[in-house]
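The structure under discussion appears below in the form of structure tokens.
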Amino acid sequence: MEYKNYMKLEFESKSQNEAFARVVVAAFASQLDPTIEEITDVKTAVSEAVTNAIIHGYEKATGMVRVICTIRDNELEVIIEDDGQGIVDVEKAMEPLYTSKPELERSGMGFTVMETFMDKVDVYSEAGKGTRIKMVKKFNSLNRSKDVK
Amino acid sequence: MLLNYEVLDNKLVVKLEGELDHHVSEEIRQELDELIEKKRCKLLIFDLSGLHFMDSSGIGVIMGRYKSISKNGGKVCVIKVSDKIDKIFNLSGLYRIVDKHENLKDALDSM
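Keeping their order, the protein sequence lines are chains A and B. In terms of our numbering, the first sequence is residues 1 to 149. In terms of our numbering, the second sequence is residues 1001 to 1111.
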């Protein structure tokens, strides 16, 4: 039978919550017995997506950011959504080194980091409505321990 | 996030400890700019041995400092880079403008 688990976290779009969000997701993912590298990958990707929601989704306004995690067997799905201004051109936003905010010294590497560190990244966005980033990562550690048994 | 520094013969060595993300990047950026201005150092060495977490905000901070220092003919390098941070540096192409060294001695020897 498939193992399944679910959690949902909602917080204000304050930069203090970036560390909070990535630590919560890492703690939730720990039941998959991840390697340090796997957990760092997830933390970094979550940090990028939550930072995007805060500085691009809401800019100076405050809104809510939701983090929804689902575990299916050895796979973790993380959804990060906001009800902010949305991304007009998703393809452009995902280009490496592209940033709409060079004045903030953003590196433009956020989506590239997410795509490199996770197995799958999908971005849904509508101008004026918000953005939803769905990321999936497969953890191999549980398989390894099964082999040992 | 903690920032410690020392000046060695006109070289500014900055040790970053903790987690470098968007939340702390603005403060770190200001502290670094003040230090660079005040110490008038042309060489900036980042010791990252105590850095436990960094996302792409850290790339922005290092690239930004590189821009201002290289304008005056200076150089930036990083030492004691962990595997996880190395992965982000490689991804962003940071090593095209910033040198990586094992330790402080190697960095100082190369300059």
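Yeah, the Cβ is synthetic: ideal placement off N, Cα and C, and Gly gets one too. The model shown is predicted, which means the values in this text are computed figures rather than measured ones.
task: Kindly say whether Glu115 (chain A), judged by its beta-carbon, lies nearer than 7 Å to any beta-carbon of chain B.
output: For this step, residue 115 (chain A) is matched to residue 115 along the first sequence. Answer no: the Cβ-Cβ gap between Glu115 (chain A) and chain B never drops below 7 Å.
- prompt: Of the residues that make up the segment 1057 to 1079 of chain B, which ones have a beta carbon closer than 8 Å to any beta carbon in chain A?
  reply: Ser1057, Ile1059, Gly1060, Val1061, Met1063, Gly1064
task: Tell me whether Arg72 (chain A) is buried or exposed, calling it buried when 16 or more other Cβ atoms sit within 10 Å of its Cβ.
output: Looking up residue 72 (chain A) in the first sequence gives position 72. With fewer than 16 other Cβ atoms within 10 Å, it is exposed.
- prompt: So Ile39 (chain A) and Ala49 (chain A) are in contact, right, with Cβ under 8 Å, and what is the actual spacing, rounded?
  reply: Sequence index remark: in the first sequence, residue 39 (chain A) carries index 39 (1-based). Sequence index remark: in the first sequence, residue 49 (chain A) carries index 49 (1-based). At roughly 16 Å, the Cβ-Cβ gap does not stay under 8 Å, so Ile39 (chain A) and Ala49 (chain A) are not in contact.
- prompt: Can you tell me whether Val88 (chain A) is buried or exposed, with buried defined as 16 or more other CB within 10 angstroms of its CB?
  reply: In the first sequence, counting from the first residue as 1, residue 88 (chain A) sits at position 88. Exposed, by the Cβ-count rule.
- prompt: Apart from the five residues on each side of it in sequence, which residues of its chain come closer than 8 Å, Cβ to Cβ, to Lys1038 (chain B)?
  reply: Counting from 1 along the second sequence, the entry for residue 1038 (chain B) is found at position 38. Answer for Lys1038 (chain B): no residue qualifies.
field: Glu110 (chain A): contacting residues in chain B (beta-carbon distance under 7 Å)
entry: Reading the first sequence from its first residue, position 110 is the one you call residue 110 (chain A). According to the sequence as given, residue 110 (chain A) is Gly; it is not Glu. In chain order: Ser1056.
- prompt: In chain B, what lies closer than 8 Å to Gln85 (chain A) by C-beta?
  reply: Locating residue 85 (chain A) in the first sequence gives position 85, where the first residue counts as 1. Going along chain B, no residue has its Cβ under 8 Å from Gln85 (chain A), so there is no contact; the nearest lies around 18 Å.
message: Pairs of beta-carbons, one from the segment 1055 to 1067 of chain B and one from the segment 1011 to 1029 of chain B, closer than 8 Å: are there three or more?
response: yes
C-beta contact flag for Leu1124 (chain B) and Lys1071 (chain B) at 7 Å: No information on residue 1124 (chain B) is available, as it lies outside the stretch 1001 to 1111 that chain B covers here.
- prompt: What residues in its chain sit with their C-beta under 7 Å from that of Ile1085 (chain B), if we drop five residues either side in the sequence?
  reply: As a working mapping, residue 1085 (chain B) is identified with position 85 in the second sequence. Closer than 7 Å at Cβ, skipping near neighbours: Leu1048, Leu1051, Met1054.
- request: With 9 Å as the limit, tell me which residues of the segment 1012 to 1030 of chain B have their beta carbon closer than that to any beta carbon of chain D; keep them in chain order.
  value: This model lacks chain D altogether; the protein chains it does include are A and B.
- prompt: Relative to the C-alpha of Asp119 (chain A), which residue among A:Met7, A:Glu10, A:Phe139, A:Val23 is closest?
  reply: Taking the first sequence and counting its residues from 1, the one referred to as residue 119 (chain A) is at position 119. It is A:Phe139 whose Cα lies nearest to the Cα of Asp119 (chain A).
- request: Could you tell me whether the Cβ atoms of Val67 (chain A) and Ala21 (chain A) are closer together than 7 Å?
  value: Taking the first residue of the first sequence as position 1, residue 67 (chain A) is located at position 67. Taking the first residue of the first sequence as position 1, residue 21 (chain A) is located at position 21. Yes. Within cutoff.
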